[in-house]
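What follows is one structure encoded as structure tokens, with my remarks underneath.
Numbering (the numbering used here), first residue to last: 99 to 268.
So this is what it looks like as structure tokens:
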């Protein structure tokens, strides 16, 4: 009789061990799914913000191109002049672009314009879109705009996650 009880005890211990391992694996799976869901939500927000910034940058580029084209056609002047540098800066600042720079590239005969889309002072937004354009006129009088840089970047201020831990983006 003692033999029979020892086998029953071993089987019960084995079943309890298997159930414990299954519960542990189930809990780990739930934790992983929750982390994946949070990460997917953050990624969706990031992508949505990027495309909003991209659309805003395209709109700014179109408005700037129209302004330069209209001014060049009205005055019949070359766009590679200090007048157009000032015009580009004023238009971009009026539209709301950040960190505006415009200058004539030495020896290249192009007007280089750079600006940042996104709120650099905001505590909420950490994404910015950096744009650099080269503006010139073709031989047939057509306005040419080349995108030299169209790059997303993180703002450089410290951020906190939901636990309050401070980290600085690279």
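Glycine residues also receive a C-beta, built at the ideal position from the N, C-alpha and C atoms.
Just so we're clear, the structure is a prediction, and the values are computed from it rather than from any experiment.
Short Cβ contact (8 Å threshold) for residue i with residue j
| i | j | result |
| --- | --- | --- |
| residue 195 | residue 177 | no |
| residue 243 | residue 229 | no |
| residue 241 | residue 166 | yes |
| residue 158 | residue 193 | yes |
| residue 120 | residue 216 | no |
Residue nearest to residue i in terms of C-alpha spacing, selected from the options
| i | options | result |
| --- | --- | --- |
| residue 197 | 188, 157, 169, 144 | 188 |
| residue 143 | 235, 119, 127, 224 | 224 |
| residue 200 | 175, 162, 153 | 162 |
| residue 181 | 157, 191, 192, 169 | 169 |
| residue 183 | 156, 140, 141, 231 | 231 |
Euclidean distance between Cα positions of residue i and residue j
| i | j | result |
| --- | --- | --- |
| residue 236 | residue 148 | 32 Å |
| residue 179 | residue 202 | 7 Å |
| residue 107 | residue 138 | 46 Å |
| residue 250 | residue 117 | 49 Å |
| residue 112 | residue 131 | 29 Å |
| residue 164 | residue 129 | 53 Å |
| residue 136 | residue 153 | 26 Å |
| residue 238 | residue 191 | 30 Å |
| residue 134 | residue 211 | 40 Å |
| residue 204 | residue 141 | 41 Å |
Outcome for residue i when other beta-carbon atoms lying within 10 angstroms are tallied against a minimum of 16
| i | result |
| --- | --- |
| residue 109 | exposed |
| residue 186 | buried |
| residue 124 | exposed |
| residue 207 | exposed |
| residue 252 | exposed |
| residue 209 | buried |
| residue 227 | buried |
| residue 160 | exposed |
| residue 172 | exposed |
Proximal residues to residue i (C-beta, below 6 Å), its chain only, five neighbours per side dropped
| i | result |
| --- | --- |
| residue 248 | 229 |
| residue 155 | 215, 227, 229 |
Chain-order list of residues whose beta-carbon lies under 8 Å from that of residue i (same chain, five-residue window excluded)
| i | result |
| --- | --- |
| residue 126 | none |
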